[in-house]
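Heads up: the sequence shown is residues 224 to 480, going by my numbering. For glycine and all other residues, C-beta sits at the position ideal for the given N, C-alpha and C. Every value quoted in this text rests on a predicted model; they were computed, and no experiment measured them. Inspection log for the structure reproduced underneath, given as structure tokens.
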Amino acid sequence: MKDVQNEKDTRNIPLKRVGVNNVLYPIQVMDRKNKFQYTIAHINMYVNLPEEFRGTHMSRFLEVLNAHRSNMSISNLENILDDMKRKLNARAAHIEIRFPYFILKKAPVSQIASFMNYDCAFIASKEKDFDFILEVNTPVHTLCPCSKEISRFGAHNQRGIIKVQVRMKRLVWIEEIVEISENAASAPLYALLKRRDEKYVTEKAYLNPKFVEDVVRDVSLALDKDSRITYFAVEAINFESIHNHNAYAFTSKDKRY
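If you want it as structure tokens, here you go:
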């Protein structure tokens, strides 16, 4: 059978990434409390394509994925990338594994437990050296300091997202990033709150107003103090309740230099 994708290409344009995108796949990830949890991931897998090749072998990405289906852990990502490079005869490989991660949280007053979900990602690449980034997106509650200062009563509130990406030399738990992010906000979010919990959360936020700039700086201070973390990027977005736009702040730091 003729292999069309192996034909020579004469346009002299190498491609940095080719592969499969948005593969829905069951995975198991490490859990600080329960050792591991099962979840569903959206996976992107790419390799470089030299200029002389017309296409890559898409089926081989899924073959690699299936070969490692019982071990999609952080510790095995480099092996997965090595197999992608070997099986596809590539110099560089890249994988993104995006998944919801669930943490059982107790409401602050009633102590009723419910699951909160956090969008997370493992982002890894390898050409000569292996590179890994952990991404954790934490939904939070913020209250505007300016609104509180100028109003006779009340202040506008909004939900926001704090996105943290870290490189590390020793394991940093997803739960730790969530805790740092929630502590930097006006108040954390919960999946289930009774009325006495709602009272507590709204009053806590009122006493702890935060701009997106405050949030990013406070998260950055905590990450900078952690000797396990070699690089971090912090992004905060507030979904404004009285404006038709979002408020945004970002910073990053490479602690290796």
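Residue range of the alpha helix (DSSP H) that includes residue i
i	result
residue 406	397-407
residue 199	No answer is possible for residue 199: the residues shown for the chain start at 224 and end at 480.
residue 418	418-429
residue 440	435-448
Expected contact under 8 Å - CB spacing of residue i and residue j to nearest Å
i	j	result
residue 404	residue 361	4 Å
residue 307	residue 270	6 Å
residue 349	residue 304	4 Å
residue 387	residue 424	That pair is no contact at about 22 Å.
residue 357	residue 376	The Cβ separation is near 42 Å, so there is no contact.
residue 472	residue 439	4 Å
residue 288	residue 341	Their Cβ separation, rounded to whole angstroms, is 23 Å, which puts residue 288 and residue 341 out of contact at 8 Å.
residue 429	residue 389	With 8 Å as the limit, residue 429 and residue 389 do not qualify as a contact, their Cβ atoms being about 31 Å apart.
residue 343	residue 359	5 Å
residue 237	residue 286	About 24 Å; that fails the 8 Å criterion.
residue 283	residue 311	6 Å
Beta-bridge pairing of residue i - partner residues as DSSP gives them
i	result
residue 478	Beta-bridge pairing links residue 478 to no other residue.
residue 334	According to DSSP, which records beta bridges pairwise, residue 334 is partnered with nothing at all.
residue 265	247 and 321
residue 238	272
residue 389	357 and 455
residue 460	384 and 471
residue 295	Paired residues: none, contrary to the question.
residue 231	276
residue 258	254
Closer than 7 Å: residue i CB and nearest the ligand FMN heavy atom
i	result
residue 436	The ligand FMN is absent from the structure shown, which contains no ligand whatsoever.
Endpoints, beta strand (DSSP E) assigned at residue i
i	result
residue 413	From DSSP, residue 413 is part of no beta strand (DSSP E); its letter is neither H nor E.
residue 325	316-329
residue 284	Careful: residue 284 lies outside any beta strand (DSSP E), inside the alpha helix (DSSP H) at 281-290.
Uninterrupted beta strand (DSSP E) stretches inside the region 338-382 (no shorter than 3 residues): Listed in chain order, the complete beta strand (DSSP E) runs (minimum 3 residues) inside the region 338-382 are 353-366.
Three-pair Cβ contact test at 8 Å for the region 379-394 versus the region 313-321: At 8 Å Cβ cutoff, the stretches do not touch.
contact_flag[the region 452-461, the region 421-441] where n(CB pairs < 8 Å) is 3 or more: As far as the Cβ criterion goes, the region 452-461 touches the region 421-441, which means the pair count is three or higher.
Three or more C-beta pairs below 8 Å linking the region 267-287 and the region 326-343: With a cut-off of 8 Å, the region 326-343 and the region 267-287 do not count as touching, because too few Cβ pairs lie within range.
Three-pair Cβ contact test at 8 Å for the region 336-344 versus the region 236-249: The answer is no - the region 236-249 does not touch the region 336-344, with fewer than three Cβ pairs under 8 Å.
At least three beta-carbon pairs within less than 8 Å, the region 446-457 to the region 364-376: Segments in contact, no.
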